[in-house]
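Visitor: Quick one: structure below, then a few questions.
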Amino acid sequence: MLMNYMVLEIPARSENESFARVTVAAFAARLDPTLEELNELKTAVSEAVTNCILHAYHSDGEGVVRIRAVVEDKKMVVEIHDEGKGIEDIARAREPLYTDKPELERSGMGFTIMENFMDEVSVHSSPGRGTVIKMSKLFSGTVNKNSH
Amino acid sequence: MRVQVVRKKNSLIARLKGELDHHTAALFREAVDRELKKESVQNLVLNLQNLTFMDSSGIGAILGRYNRVKEKGGRVVICGCSKHVKKLLQLGGLLKIIPVYSDESSAVAEIMSKS
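Protein chains in written order, with this note's numbering: chain A, 1 to 148; chain L, 1001 to 1115.
See the structure below:
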């Protein structure tokens, strides 16, 4: 399959979390993923988008989340960008069970889930300028080369 | 997301339908906590059979209800979760503290037998 891509830009509001993950999953459908792979992708995207809304933009409804997904052969690369507060200590943020918002019943499992459900996860962040999460996943399905 | 709550003696059965994420977790929390405030409610059965999506916000919300019930001296059981939801519960460490049953009737029978 030739390289193909999609870009989605949404206001950082929680009601858009569902739309974001379903849209990326719909784009991945052409790679013929299994239901399990699709669920994993949706969950990982949901975690990254929720992080933007809750942590980068403090849930105030301001700010924009930009998602870019690229597919080539059986692989998808998803980038989730925000221009929010950034992450001071990325290693600590990635630790299982770490959260700076326990009062909001956050489980601190967002990054752990992204790492478990995707093949690669990288985080680039500049405090005060924003964060980019880049994740990739290779799907097991056979790609129909004639698919549109 | 819809939450249907049913009382059975001193246990609350909450049936979740739809997607449990950061956006919908508040609805789940409010529906269950409203009932948990009642003194006569002690245990909680979470029926996840019709849950079509969950992420780490769901883990946090379930853990929050678990802590409430535990404070009251009650127990929480889960039933009807998909393979994907079970994986999330496992990653979040919830399988170590909350028993999981295949269907609601066996979950209710279990909680009734010990209360």
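Cβ atoms here follow ideal geometry from the backbone N, Cα and C, with glycine treated the same way.
Just so it is clear, the structure is predicted and the values come from calculations on it, not from any experiment.
Contact criterion: CB-CB distance below 8 Å. Does E1110 of chain L meet it with respect to chain A?
Guide: Not one chain A Cβ lies under 8 Å of E1110 of chain L.
Visitor: So, does the CB of N4 of chain A fall closer than 8 Å to a CB anywhere in chain L?
Guide: No, its Cβ sits nowhere closer than 8 Å to a Cβ of chain L.
Visitor: Starting from L1016 of chain L, follow its DSSP beta bridges and name the residues at the other end.
Guide: The partner list for L1016 of chain L (beta bridge, DSSP) reads L:V1003.
Visitor: In angstroms with no decimal places, state the Cα-to-Cα distance between E1030 of chain L and L1046 of chain L.
Guide: Using only the alpha carbons, I get a separation of about 14 Å.
Visitor: Closest to N4 of chain A by C-alpha separation, out of A:G84, A:T112, A:R68, would be which residue?
Guide: Ranking the options by Cα distance to N4 of chain A, first place goes to A:R68.
Visitor: I need the DSSP call for H1022 of chain L, collapsed to helix, strand or coil.
Guide: Note: H1022 of chain L maps to coil in three-state DSSP.
Visitor: Does the beta-carbon of D73 of chain A have 16 or more other beta-carbons within 10 angstroms, so that it is buried, or is it exposed?
Guide: Per the 10 Å Cβ criterion, exposed.
Visitor: Tell me whether E1039 of chain L sits in a helix, a strand or coil according to DSSP, three-state version.
Guide: It is coil, neither helix nor strand.
Visitor: Give me the subset of the segment 1059-1070 of chain L whose CB atoms are less than 8 Å from a CB atom of chain A, sorted by chain position.
Guide: Here the close residues are I1059, G1060, A1061, L1063, G1064.
Visitor: Would DSSP call G130 of chain A helix, strand or coil?
Guide: Of the three classes helix, strand and coil, the one that applies to G130 of chain A here is strand, per DSSP.
Visitor: If you measure from the beta carbon of R92 of chain A to each beta carbon in chain L, is any gap under 8 Å?
Guide: No, no contact with chain L.
Visitor: Can you give the Cα-Cα distance for E36 of chain A and N1050 of chain L, rounded to whole angstroms?
Guide: Approximately 17 Å between the Cα atoms of the pair.
Visitor: Would you call A91 of chain A buried or exposed, if buried means 16 or more other Cβ atoms sit within 10 Å of its Cβ?
Guide: Its Cβ having fewer than 16 others within 10 Å, A91 of chain A is exposed.
Visitor: With a threshold of 8 Å, are at least 3 pairs of Cβ atoms found where one atom belongs to the segment 1007-1014 of chain L and the other to the segment 1098-1108 of chain L?
Guide: Yes, the segment 1007-1014 of chain L touches the segment 1098-1108 of chain L.
Visitor: Who are the near neighbours of E1110 of chain L in its chain, counting only those whose CB is closer than 8 Å to its CB and skipping five residues on each side?
Guide: Result list for E1110 of chain L: V1077, P1099, Y1101, in chain order.
Visitor: Looking at L1095 of chain L and E105 of chain A, is the spacing between their C-beta atoms short of 8 Å?
Guide: Cβ distance not < 8 Å, so E105 of chain A and L1095 of chain L don't count as in contact.
Visitor: May I ask you to list the residues that DSSP assigns as paired with C1079 of chain L?
Guide: For C1079 of chain L, which the question treats as bridged, DSSP gives the partners L:N1047, L:Y1101.
Visitor: So, with DSSP's three-state summary, where would you put M118 of chain A?
Guide: Coil.
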